[in-house]
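Undergrad:
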Ligand SMILES: C[S@@+](CC[C@H](N)C(=O)[O-])C[C@H]1O[C@@H](n2cnc3c(N)ncnc32)[C@H](O)[C@@H]1O
């Protein structure tokens with residue numbers, strides 16, 4: 311069995327070098343394939359996710375305890391991992407330190423004493439360190455300073471709660487496929503499996519215990535999908551009527567496409583620029599027993615894939631910073647830079663412009679992001695409405711059932727921070 315701290319440190323190192331977390335796991339797991347790694351994978355993932363959430367704090371602690379720069383990056387990452395574990399108070403402190411010392415020996419034998427000294431020093435001076443740490447916002451909240459300042463600026467009263475929610479474990483939220491099973495029957499299955507849960511809507515529920523996807527009852531049978539509640543409401547907001555022609559213009563992996571098809575008898579075209587991701591839409595449709603016209607193509611000025619028949623409804627779930635789902639994609643808060651928001655907003659504006667000619671007069675387009683930053687949300691919509699005088703914003707009455715500020719869902723325990731605007735064409 312490999313040392314989990316060591317592998318987790320290697321994943322963190324790759325992340326800090328600029329790779330995203332999924333890629334970093336893939337590389338480290340591939341390189342260490344022959345070591346009965348499967349049993350450890352979940353443990354390594356949990357350790358890494360926790361450490362990435364904690365990184366702002368562990369950076370502060372290392373700066374406080376270590377006077378000179380740590381030359382060996384893997385050793386430094388190992389200390390980050392061990393500091394996170396020590397903060398959890400779930401395990402015996404000395405076991406964690408001993409495991410870290412063993413892992414350090416595998417990286418560079420001479421560095422093991424250094425790791426031992428840092429971690430023991432931390433345990434002795436923990437209270438003092440935390441007193442100072444809590445005075446620095448980047449350490450206290452564990453985000454980049456620009457991110458914290460922006461959230462403070464945009465959410466005058468909710469900023470602290472939003473930052474804290476972003477550091478928590480996300481709930482496991484399911485959407486029941488009512489074409490395959492009723493909510494009541496599915497809840498009975500959960501009870502038979504001893505899985506506590508709460509219903510949050512007619513088709514949405516949260517399971518109290520974290521489970522891997524294949525352990526969720528009825529997943530392969532297409533009874534359910536994993537989808538955040540904030541994303542599940544897209545179908546409700548799109549105001550779909552039986553028989554309509556609908557375009558899901560940025561569709562992969564198809565969560566919202568499938569939700570639409572489960573809710574009404576409509577004709578859906580699912581467009582996706584990325585071939586591999588477009589195949590995932592087809593996989594999901596097959597698993598759930600649904601049908602759509604999946605097109606591998608690009609929403610753009612030319613719309614070369616388009617046959618000329620306009621749509622009643624368009625769902626435009628654009629690529630974005632993902633700042634509203636940071637508790638699920640923990641690497642985002644370290645990888646994103648402030649300048650990225652401008653690039654995203656330009657792309658989003660052009661996607662909106664490219665989608666507009668495809669909609670019928672009187673038809674509706676739902677603009678969606680999973681961002682909490684106005685650059686990608688309100689600003690894009692206001693710019694668009696100024697240029698396109700035939701676009702009218704419609705009140706989203708259903709949103710009033712959920713806490714939102716001007717169409718921005720405020721991330722909470724039960725849902726992520728999505729943004730929705732419904733535009734109607736004159
Ligand atoms: C936020 S994701 C969509 C998530 C999806 N709606 C769901 O609920 O599962 C955005 C998707 O848009 C795709 N995309 C980006 N640019 C595109 C374009 N010009 N045309 C079509 N798809 C595009 C991305 O590859 C990505 O899969």
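In our numbering, the protein residues as written are 311 to 736.
Cβ atoms here follow ideal geometry from the backbone N, Cα and C, with glycine treated the same way.
1. Between the Cα of residue 358 and those of 334, 590, 380, 425, spot the shortest distance and give me the residue it belongs to.
2. Indicate whether residue 404 and residue 483 have their beta-carbon atoms separated by less than 9 Å.
3. Exposed or buried, which one is residue 352 when buried takes at least 16 other CB atoms within 10 Å?
4. Please indicate yes or no: does the CB of residue 563 lie closer than 8 Å to some heavy atom of ligand 1?
5. Measuring CB to CB, does residue 723 end up less than 9 Å from residue 481?
6. Is residue 664 near ligand 1, judged by its Cβ being under 8 Å from some heavy atom?
7. Which one of 719, 626, 732 has the shortest CA to CA distance from residue 464?
8. Can you give me the C-alpha to C-alpha distance between residue 678 and residue 470, rounded to a whole angstrom?
9. Considering only the beta carbon of each residue, do residue 317 and residue 367 sit closer than 9 Å?
10. Let's test the definition: count the other Cβ atoms within 10 Å of the Cβ of residue 669 and tell me whether it reaches 16, buried, or not, exposed.
11. I'd like the list of long-range same chain contacts for residue 619, defined as Cβ closer than 8 Å, with 5 residues on each side in sequence excluded.
12. With 16 other CB atoms within 10 Å as the buried threshold, where does residue 457 fall?
13. Helix, strand or coil, according to DSSP, for residue 321 in the structure here?
14. In this structure, what does DSSP give as the bridge partners for residue 373?
15. Apply the 10 Å Cβ neighbour rule to residue 313 and answer buried if 16 or more other Cβ atoms are within range, or exposed otherwise.
16. Is DSSP giving residue 311 helix, strand or coil here?
17. Residue ranges of each alpha helix (DSSP H) run of no fewer than 4 residues wholly in the region 631-701, ordered along the chain?
18. Please list the terminal residues of the continuous beta strand (DSSP E) segment that includes residue 729.
19. Among 680, 430, 497, 588, which has the Cα closest to the Cα of residue 408?
20. In chain order, what residues of the same chain lie with their CB nearer than 6 Å to the CB of residue 451, ignoring the 5 residues before and after it?
21. If you compare alpha carbons, which of 536, 615, 504, 571 is closest to residue 552?
22. Do residue 726 and ligand 1 come close, with the Cβ less than 8 Å from some heavy atom?
23. Would you mind stating whether residue 535 and residue 485 have Cβ atoms separated by less than 9 Å?
24. By Cβ distance below 7 Å, which residues in the same chain neighbour residue 599 in space, the five residues on each side in sequence not counted?
25. What ranges does the alpha helix (DSSP H) occupy inside the region 539-586, keeping only unbroken runs of at least 4 residues that lie completely in it?
26. Exposed or buried, residue 617, counting other C-beta atoms within 10 Å across all chains shown (16 or more means buried)?
27. When you compare only the Cα positions, how much space is there between residue 327 and residue 725?
28. Cα-Cα, which of 590, 497, 543 is closest to residue 564?
29. Mind checking residue 427: buried by the 16 CB within 10 Å criterion, or exposed?
30. Please report whether the beta-carbon of residue 706 lies at a distance below 9 Å from any beta-carbon of chain E.
31. Between the region 654-669 and the region 386-400, do at least 3 Cβ pairs fall closer than 8 Å?
32. Any heavy atom of ligand 1 closer than 8 Å to the CB of residue 559?
33. From residue 412 to residue 385, what distance separates their C-alpha atoms?
34. Under 9 Å between the Cβ atoms of residue 624 and residue 607?
35. For residue 489, does the three-state DSSP call read helix, strand or coil?
TA: Result, derived from the coordinates:
1. 334
2. no
3. exposed
4. yes
5. yes
6. yes
7. 719
8. 24 Å
9. no
10. buried
11. 555
12. buried
13. helix
14. Paired residue(s): none; residue 373 is not in a bridge.
15. buried
16. For residue 311, the pLDDT reaches just 49, beneath the cut-off of 50, and the residue's location in the model is therefore unreliable, although a value from the coordinates is still provided. DSSP places residue 311 in coil when its eight states are reduced to three.
17. 642-645, 648-665, 688-697
18. 729-735
19. 430
20. 458, 473
21. 571
22. no
23. yes
24. 489, 490, 532
25. 539-542, 544-547, 565-573
26. exposed
27. 31 Å
28. 590
29. exposed
30. The question asks about chain E, but that chain is absent: this structure has only one protein chain.
31. no
32. yes
33. 12 Å
34. no
35. coil
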